[in-house]
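Chemist: Residue numbers (my numbering): 32 to 218. All C-beta atoms, glycine included, are put in the ideal place defined by N, C-alpha and C. Remember, predicted model here, so these are calculated numbers, not experimental data.
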Amino acid sequence: AEFLVFTDRYQCYKSRLSDFDDGKASQLGDYLPQKLGFEPGENLVALVFCGDYKGFILFFFENGKAAKVPLSAYETKTNRKKLTGAYSDKSPLIKAVALDTDEQMAVYSTDGRAAIFSTAQLLPKTTRNTQGVAVMTLRKKATLRDAVLLSQSGIVNESRYRTKTIPSAGALLKEEDSAEKQQTFEV
């Protein structure tokens with residue numbers, strides 16, 4: 032099985048699971064940056080299993096934009112390890128999510144807002160380094176903090192955050208819709 036490793040230097044490293052030796056849990060395995068040949072100071076942002084290169088990858092950027100790129104754009108004929116120009120360098124990458132079909136996504140900003148949109152609203156781009164389209168309009172000094180599948184978000188009142196058009200400013204996140212629930216003790 033092949034997988035793609037996206038780094039904070041706008042690069043993608045392609046590898047196979049068979050390139051890594053089987054070992055015992057006590058061996059702690061291989062160090063991924065060394066095995067793939069990362070540059071000094073380069074950090075892993077996302078790891079995606081490609082399978083048969085069907086579906087697409089969603090890239091979410093700090094500036095509130097998202098790009099939908101078909102997985103087939105990362106398929107190579109030769110056994111190349113390093114792919115440059117893996118995604119747009121206009122804004123830092125927050126998250127990369129691989130999907131087979133269109134899903135509902137929840138995006139969160141640093142100023143406590145959330146919005147829900149369908150990935151069907153994003154048109155797939157053929158170029159890997161597309162800067163994407165705005166999914167969330169951000170206030171001054173606010174950035175995109177996270178993006179998760181709606182089913183994993185913990186949002187209860189979906190209609191409050193759902194948007195018909197993108198970009199959306201979103202709605203202020205209420206405590207009951209937050210993924211981090213506060214623990215309480217009864218005495």
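#1: Rank Thr174, Val166, Phe37, Arg47 by C-alpha distance to the C-alpha of Glu93 and give the top, closest one.
#2: Tell me Phe51's beta-bridge partners as DSSP assigns them.
#3: Identify whether Leu67 lies in helix, strand or coil by the three-state DSSP scheme.
#4: Ser149 lies in the beta strand (DSSP E); which residues open and close that run?
#5: Let me know if Val166 comes out buried or exposed under the rule of 16 or more other beta-carbons within 10 Å of its beta-carbon.
#6: How should Thr158 be labelled, buried or exposed, when 16 other C-beta atoms within 10 angstroms of its C-beta is the threshold for buried?
#7: Could you name the residues that DSSP lists as bridge partners for Gln58?
#8: Is it true that the stretch 132-148 meets the stretch 176-184, where meeting means three or more beta-carbon pairs spaced less than 8 Å apart?
#9: I'd like to know whether the C-beta atoms of Tyr192 and Ile125 end up nearer to each other than 7 Å.
#10: Output needed for Ser209: all residues of its chain with C-beta closer than 7 Å, excluding positions within five of it in sequence on either side, in chain order.
#11: Do you know how far the Cα of Asp52 is from the Cα of Cys43?
#12: Determine the direct distance from the alpha carbon of Ser57 to that of Gln162, and round the result to whole angstroms.
#13: According to DSSP, which residues form a beta bridge with Val79?
#14: What separation, rounded to the nearest whole angstrom, lies between the Cα atoms of Val128 and Leu75?
Modeler: Looking at the atomic coordinates:
#1: Position 62 of the sequence shown holds residue 93. Closest by alpha carbon: Thr174.
#2: For the purposes of this step, residue 51 is taken as residue 20 along the sequence shown, with counting starting at 1. In the DSSP assignment, Phe51 is bridged to no other residue.
#3: For the purposes of this step, residue 67 is identified with residue 36 of the sequence shown, where counting begins at 1. Reduced to three states, the DSSP call for Leu67 is helix.
#4: Here residue 149 corresponds to residue number 118 of the sequence shown, with the count starting at 1. Counting along the chain, the beta strand (DSSP E) containing Ser149 begins and ends at 144-149.
#5: In the sequence shown, the residue the question calls residue 166 occupies position 135. Around the beta-carbon of Val166, 16 or more other beta-carbon atoms lie within 10 Å, marking it buried.
#6: Along the sequence shown, one-based indexing puts residue 158 at 127. With fewer than 16 Cβ atoms within 10 Å of its Cβ, Thr158 is classed as exposed.
#7: Position 27 of the sequence shown, counting from 1, holds the residue named residue 58. Looking at the DSSP output, Gln58 sits in no beta bridge, so it has no partner there.
#8: Yes, since at least three Cβ pairs between the stretch 132-148 and the stretch 176-184 fall closer than 8 Å, the two stretches touch.
#9: Numbered from its first residue, the sequence shown carries residue 192 at position 161. Numbered from its first residue, the sequence shown carries residue 125 at position 94. Not a contact, by the Cβ cut-off of 7 Å.
#10: Counted from its first residue, the sequence shown places residue 209 at position 178. Setting aside the 5 residues that flank it on each side, Ser209 is surrounded in the same chain by Gly185, each with a C-beta closer than 7 Å to its C-beta; the list follows chain order.
#11: Here residue 43 is taken as the residue at index 12 of the sequence shown, counted from 1. Here residue 52 is taken as the residue at index 21 of the sequence shown, counted from 1. Straight-line Cα distance between these residues: approximately 22 Å.
#12: Translated into the one-based positions of the sequence shown, residue 162 becomes position 131. Translated into the one-based positions of the sequence shown, residue 57 becomes position 26. So the alpha carbons of these two residues sit roughly 42 Å apart.
#13: Along the sequence shown, one-based indexing puts residue 79 at 48. Beta bridge pairing from DSSP links Val79 with Leu35.
#14: On the sequence shown, position 97 is the one that residue 128 refers to. On the sequence shown, position 44 is the one that residue 75 refers to. For the pair Val128 and Leu75, the Cα-to-Cα distance works out to about 14 Å.
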